[in-house]
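The structure under discussion appears below in the form of structure tokens.
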Amino acid sequence: MEIFTDPRTMQALSKSCGCERNSIGFVPTMGALHEGHLSLCHRARAENDKFIASIFVNPAQFGANEDLDRYPRPRDADLALLEKAGCDAVFAPDARSMYGDTDLLHGTWIDVTPFDEMWEGVTRPGHMRGVATVVAKLFNITLPTKAYFGEKDWQQLKVVESLVRDLNFPVEIVGVETVRESDGLALSSRNTYLEPELRRAATAINRALKAGVAAARDGEKDVACLGQIMDGIISAEPLLKTQYVSVVDSNTLQPLQQLDGRSARILAAVHAGNVRLIDNMGI
């Protein structure tokens, strides 16, 4: 497994793979890898001639009061996991390699409207712009045939799909089902922040989403009623604070008032103490 830190060197390798007509599967990560990331890696390895992963804690997608400085960075452990997963090359740049000397207020950026104006885009200003821009840069550097993203961050998946469609990137986006703990909590690098009591309380998020899905499948079409069911389960845990739990159109992410046959999804963002967790589930 080769490790690259320079964008031009990484791009040169990717170009050589393309010249040899090798398909490239790409998994972008911020490190702190868990089984959710590895499920993407296994797909990329199985479905392509070459498998490239990136490790980059992208400062452009963190807000002023978020956890950039304390985000876990177990580099050696991550590299060992990627090598075991059959990764051919890892792109692990630093912020200067990716953004130069910009202060992240200037330069070229990509806004994906309206996704940057709803849900995570509202609660984390600038986050979606940072995601879209770094993904575009990573695609230009690694030149993938297919890129793999987890469904846990559903809005991010929709942003990337929109980016590829609107800017004509020759990349197939593959969404991979969320991997969960045995008690239903969605795997996340931020789960490591949870103290045992918060970790136990956080399982209410999954229980709430499952209850909403079950009610919908039993015939409840009023989204307000579904919201009451889910809010009741989460609010019963005093250590949790709901930021949003909403039923939306799966593709546009616009909120729904009634379930009317369109593909729908529940999006949730909940604070467990100081740890912000997101999850979603299809109806």
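Counting the sequence shown from 1 gives a position; my numbering is that position plus 1. The C-beta atom is built at its ideal place from N, Cα and C for all residues, glycine as well. Just so you know, these numbers come straight off a predicted model, no measurement behind them.
With the cut-off set at 8 Å, would you say residue i and residue j are in Cβ contact?
| i | j | result |
| --- | --- | --- |
| residue 62 | residue 107 | no |
| residue 271 | residue 253 | no |
| residue 234 | residue 216 | no |
| residue 26 | residue 57 | no |
| residue 245 | residue 210 | no |
| residue 15 | residue 50 | no |
| residue 249 | residue 255 | yes |
| residue 278 | residue 191 | yes |
Using CA atoms only, rank isn't needed, just tell me which of the options is closest to residue i.
| i | options | result |
| --- | --- | --- |
| residue 82 | 236, 34 and 190 | 34 |
| residue 222 | 39, 261, 193 and 134 | 261 |
| residue 275 | 86, 66, 12 and 113 | 66 |
| residue 114 | 126, 9 and 48 | 126 |
| residue 136 | 225, 172 and 48 | 172 |
| residue 4 | 13, 92, 64 and 192 | 92 |
| residue 175 | 186, 169, 182 and 165 | 165 |
| residue 177 | 121, 147, 10 and 197 | 147 |
| residue 151 | 10, 280 and 21 | 280 |
| residue 154 | 226, 167 and 132 | 132 |
| residue 88 | 224, 2, 182 and 184 | 2 |
| residue 32 | 59, 116, 48 and 22 | 59 |
| residue 167 | 225, 111 and 227 | 111 |
| residue 70 | 96, 48, 84 and 184 | 96 |
| residue 130 | 183, 9 and 64 | 64 |
| residue 10 | 101, 237 and 90 | 90 |
| residue 79 | 118, 36, 21 and 102 | 36 |
I believe residue i touches residue j by the beta-carbon criterion, under 8 Å. Please report the beta-carbon distance rounded to the nearest angstrom.
| i | j | result |
| --- | --- | --- |
| residue 273 | residue 202 | 6 Å |
| residue 263 | residue 282 | 16 Å between Cβ atoms; not a contact. |
| residue 179 | residue 187 | 5 Å |
So, for residue i: in the same chain, excluding its five sequence neighbours on each side, which residues have a beta-carbon less than 6 Å away from its beta-carbon?
| i | result |
| --- | --- |
| residue 28 | 41, 42, 45, 54 and 149 |
| residue 163 | 113 |
| residue 18 | 25 and 51 |
| residue 224 | 248, 257 and 258 |
By Cβ distance below 8 Å, which residues in the same chain neighbour residue i in space, the five residues on each side in sequence not counted?
| i | result |
| --- | --- |
| residue 241 | 202, 203, 205, 206, 235, 271, 272 and 273 |
| residue 232 | 209, 243 and 246 |
| residue 7 | 94 and 98 |
| residue 12 | 141, 142, 143 and 144 |
| residue 198 | 240 |
| residue 292 | Limits of the chain in this structure are 2 at one end and 284 at the other, which puts residue 292 out of reach. |
| residue 181 | 187, 188 and 207 |
| residue 134 | 61, 109, 110 and 111 |
| residue 196 | 274 |
Ordered along the chain, which non-local residues of its own chain (more than five positions away) have a Cβ less than 7 Å from that of residue i?
| i | result |
| --- | --- |
| residue 138 | 99 |
| residue 30 | 38, 54, 55 and 56 |
| residue 86 | 39, 42, 43 and 46 |
| residue 251 | 264, 265, 266 and 283 |
| residue 227 | 213, 216, 217, 221 and 248 |
| residue 120 | 156, 245, 254 and 268 |
| residue 48 | 26 and 147 |
Is the Cβ of residue i closer than 8 Å to any Cβ of chain C?
| i | result |
| --- | --- |
| residue 105 | The displayed structure is made up of one protein chain only, and chain C is not part of it. |
Legend entry - Three CB pairs or more closer than 8 Å across the stretch 64 to 75 and the stretch 158 to 172: no
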